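What follows is a short report on a single structure.
Number of protein chains: 2
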Amino acid sequence: MSTKNKILDAAEKLFADKGFNGTSLREITSLAEVNLAAVNYHFGSKKELIKAVMSRYMDELSPKLEAALGVICQSSDQPSLIEVFSAFVEPLLALNNFQEHGTTNFLQLLGRGYTDSQGFLRWFLTTSYPNVIDNFVEAVHKAYPALSAEDMFWRLHFTMGTIVFTMSSSDALMDIARNDFNNNVDIAGVIKQVIPYVAAGVAAPI
Amino acid sequence: MSTKNKILDAAEKLFADKGFNGTSLREITSLAEVNLAAVNYHFGSKKELIKAVMSRYMDELSPKLEAALGVICQSSDQPSLIEVFSAFVEPLLALNNFQEHGTTNFLQLLGRGYTDSQGFLRWFLTTSYPNVIDNFVEAVHKAYPALSAEDMFWRLHFTMGTIVFTMSSSDALMDIARNDFNNNVDIAGVIKQVIPYVAAGVAAPI
DNA sequence: CGTTAGTTTAAACACTTGTTTAAACTGTGT
DNA sequence: ACACAGTTTAAACAAGTGTTTAAACTAACG
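So the sequence lines, in the order shown, correspond to chains A and B. Its first residue numbered 0, the first sequence is counted upward by one per residue in numbering that gives the first Met the number 0. Its first residue numbered 0, the second sequence is counted upward by one per residue in numbering that gives the first Met the number 0.
Printed below as a string of structure tokens:
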């Protein structure tokens, strides 16, 4: 495996676990078993490394999401909100083939991107991958045409918050669920739980 | 104003803005216009300062929340979920009398507590103020008895995520809403938007 | 072989972090 | 006036941060 990929793998794991601010380059290079200076040689800076970690996932995920949402938009039937949100499931779970713990890591990283780093990552993501968001908004509008643009705006952000916040602490939550309910739930189980919740939230009467 | 309170006020503002990890003691003491060593003299460590900032709010808020939720629990009628969540509104908005921008600051800090600091703040809050959570769970159960303990657990965490995530980026969101919809929304308006969403989410069919 | 571009390495850089020290200052009570 | 507890202060501490440097290594090509 190349030095570059060793760094990306180690950084991904540590960033998801402890946040971008909370992870030092020395921790990353030590886990990756490469020299400290290799990060700046291959990526230029820590900020660029963060972008590279996120891009690796987004480049894999965004075409699949665009496609799945596009099918819903172009179908002649009116979709249910459950169907719209379910379009995310398979592409998200497929990240587990792409990388070990890919689904969890990506969703945790997404959450970090919103809370760490004063929003520079949010800006990077929304400007780099606007089609995903556009298709999503269109699909939701098709499923619930009565929703005004402003209500839509707020409810999509509430949904984003639910997903991202849940996933960024999903390890702790799954531990609690295991202890308190003897129910061995995994990331797919959490996604199954959250879809009815957000679908009902978006569908709430105005 | 005492040195201790000057530190608490400055720390609160900076913590809410940039997170616990992202704020240095020198930034705090410089904004508070006190000596650097004053933090360790009055609070012992940065960790204890974080706890103190949160405790100041929780000690103000938790009796009011317990009371408001207690009323619902002890009433003979079955409450709606909208009523349960509405019980939070007045105590939360009252924080604006307690401190400038108190509502926003507190909710942002709560969000930081879940994502920064590897969960030590979550542990501190749930063990220090268990009655609030217990009363809340009881009220929700009364409004929706069919919900199993496990489903309740997940949906309450989804709700927590919605609130906390929304509020931690509420400034940016309100700006967007102002630009895109010419609608001058404030924090009370956001709360009005979010209550139907979370109520519908928790009430979703199983 | 010798050259050269690409990569890895140890060391140092300048800077920031939370914490501690010991001296100076403050006001209150004797 | 003195003493003393409480508080503030400047300075230093050790440890950790991202980044840069220049030398060493590696492999491919003429």
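Glycine included, C-beta positions come from ideal geometry on N, C-alpha and C. In this text the structure is predicted, and so the values were computed from the model without any measurement.
Would you call residue 40 of chain A buried or exposed, if buried means 16 or more other Cβ atoms sit within 10 Å of its Cβ?
-> Counting Cβ neighbours within 10 Å, residue 40 of chain A comes out exposed, since fewer than 16 surround it.
ask   = Just checking my contact of residue 102 of chain B with residue 94 of chain B at CB under 8 Å: how many whole Å lie between their CB atoms?
value = Indeed they touch by this definition, with Cβ atoms about 5 Å apart.
Span of the alpha helix (DSSP H), counted from its first residue to its last, around residue 99 of chain A
Bounds of any alpha helix (DSSP H) do not take in residue 99 of chain A, whose DSSP letter is neither H nor E.
Inset, instruction - Quick one: grab the DSSP three-state call for residue 149 of chain B. - result: In the three-state reduction of the DSSP assignment, residue 149 of chain B falls in the helix class, which pools H, G and I.
**Asked** Where does residue 192 of chain A sit, in a helix, a strand or coil, going by DSSP?
**Response** Residue state, collapsed to three classes: helix.
Under 8 Å between C-beta atoms of residue 131 of chain A and residue 61 of chain A: Contact: yes.
May I ask you to list, following chain order, the residues of the segment 169 to 180 of chain A that have a beta carbon less than 8 Å from some beta carbon of chain B? Taken in chain order, the members of the segment 169 to 180 of chain A whose beta-carbon sits within less than 8 Å of a beta-carbon on chain B are 171, 172, 175, 176, 179, 180.
- Backbone CA spacing between residue 42 of chain A and residue 86 of chain A [nearest angstrom]: If I take the Cα positions, the gap works out to 34 Å.
Quick one: is residue 144 of chain B near chain A, going by C-beta distance under 8 Å?
It does not: the Cβ of residue 144 of chain B has no partner Cβ on chain A nearer than 8 Å.
Note to self: For residue 140 of chain A, would you say it is in contact with chain B, using Cβ-to-Cβ distances shorter than 8 Å as the test?
What the structure shows: Chain B, which has no Cβ nearer than 8 Å to the Cβ of residue 140 of chain A, makes this no.
Task: Under the three-state DSSP convention, the category residue 164 of chain B falls into - done: Assignment of residue 164 of chain B by DSSP, reduced to helix, strand and coil, places it in the helix class.
Span of the alpha helix (DSSP H), counted from its first residue to its last, around residue 47 of chain A: Here the alpha helix (DSSP H) through residue 47 of chain A covers 45 to 73.
Express the C-alpha separation of residue 201 of chain B and residue 197 of chain A in angstroms, rounding to a whole number.
In a straight line, the C-alpha of residue 197 of chain A is about 9 Å away from that of residue 201 of chain B.
Item to complete: Compare the C-beta of residue 41 of chain B against all C-beta atoms of chain A and say whether one is closer than 8 Å.
Response: Taking 8 Å as the threshold, the shortest C-beta distance from residue 41 of chain B to chain A does not fall below it.
Do you know whose CA, among B:58, B:83, B:57, lies nearest residue 69 of chain B's CA? Minimum Cα distance to residue 69 of chain B is reached at B:83.
request  = Please confirm if residue 22 of chain B has its CB atom under 8 Å from at least one CB of chain A.
outcome  = The C-beta of residue 22 of chain B comes no closer than 8 Å to any C-beta of chain A.
- Message: Counting only Cβ pairs nearer than 7 Å, list the residues of chain B close to residue 193 of chain A.
- Response: Within chain B, 157 have C-beta atoms less than 7 Å from the C-beta of residue 193 of chain A, given in sequence order.
- Item | Exposed unless 16 or more other CB atoms sit within 10 angstroms - verdict on residue 174 of chain A | Classification of residue 174 of chain A: exposed, given that the 10 Å Cβ count is below 16.
**Asked** Can you name, in chain order, every residue of its own chain whose Cβ lies under 6 Å from the Cβ of residue 154 of chain B, other than the five neighbours on each side?
**Response** Cβ within range, chain order: 201.
Can you say whether residue 14 of chain A is buried or exposed, counting buried as having 16 or more other CB atoms within 10 angstroms of its CB? It counts as buried.
| field | C-beta contact flag for residue 120 of chain A and residue 49 of chain A at 8 Å | value | Residue 49 of chain A is positioned such that its CB atom lies closer than 8 Å to that of residue 120 of chain A.
- Item | Neighbouring residues, chain B, relative to residue 204 of chain A (Cβ below 9 Å) | Neighbours of residue 204 of chain A on chain B, chain order: 195, 199.
- [ ] Identify, in the order they occur along the chain, each residue of the same chain with its Cβ nearer than 6 Å to the Cβ of residue 64 of chain A, setting aside the five sequence neighbours on each side.
- [x] Excluding positions up to five away in sequence, the list reads 90, 131.
Proximity below 8 Å, CB of residue 160 of chain B to CB of residue 165 of chain A:
For the pair residue 160 of chain B and residue 165 of chain A, the CB atoms are nearer than the 8 Å cut-off.
Query raised in the report: Quick one, which of A:26, A:20, A:32 has its alpha-carbon nearest residue 1 of chain A's?
Result: Ranking the options by Cα distance to residue 1 of chain A, first place goes to A:32.
Taking residue 154 of chain A as the query, report the chain B residues whose CB atoms sit under 7 Å from its CB, ordered along the chain.
Correct list: 196.
By a C-beta neighbour count over all protein chains shown, 10 Å radius and 16 as the cutoff for buried, is residue 199 of chain A buried or exposed?
When all chains shown are included, residue 199 of chain A counts as buried.
* Do you know whose CA, among B:67, B:114, B:53, lies nearest residue 137 of chain B's CA? -> The shortest Cα separation from residue 137 of chain B among B:67, B:114, B:53 belongs to B:67.
Leaving aside the five residues before and after residue 177 of chain B along the sequence, list all residues of the same chain whose C-beta is less than 8 Å from its C-beta, in chain order. Once the five neighbours on either side are set aside, the close Cβ partners of residue 177 of chain B are 183, 184.
Query raised in the report: For the alpha helix (DSSP H) that residue 6 of chain B lies in, which residues bound it at each end?
Result: Element bounds for residue 6 of chain B: 2 to 17.
9 Å Cβ cut-off: residues of chain B touching residue 44 of chain A: Here the premise fails: no neighbours, minimum Cβ distance about 18 Å.
Residue 12 of chain A to residue 98 of chain A span [Cα, whole Å]
Computed Cα separation, rounded: 11 Å.
Taking C-beta pairs closer than 7 Å, name the residues in chain B that residue 163 of chain A reaches, listed in chain order.
Listed along chain B, the residues sitting closer than 7 Å to residue 163 of chain A by beta-carbon distance are 164.
Helix, strand or coil at residue 184 of chain B [DSSP, three-state]:
In the structure shown, residue 184 of chain B falls within a coil segment according to DSSP collapsed to helix, strand and coil.
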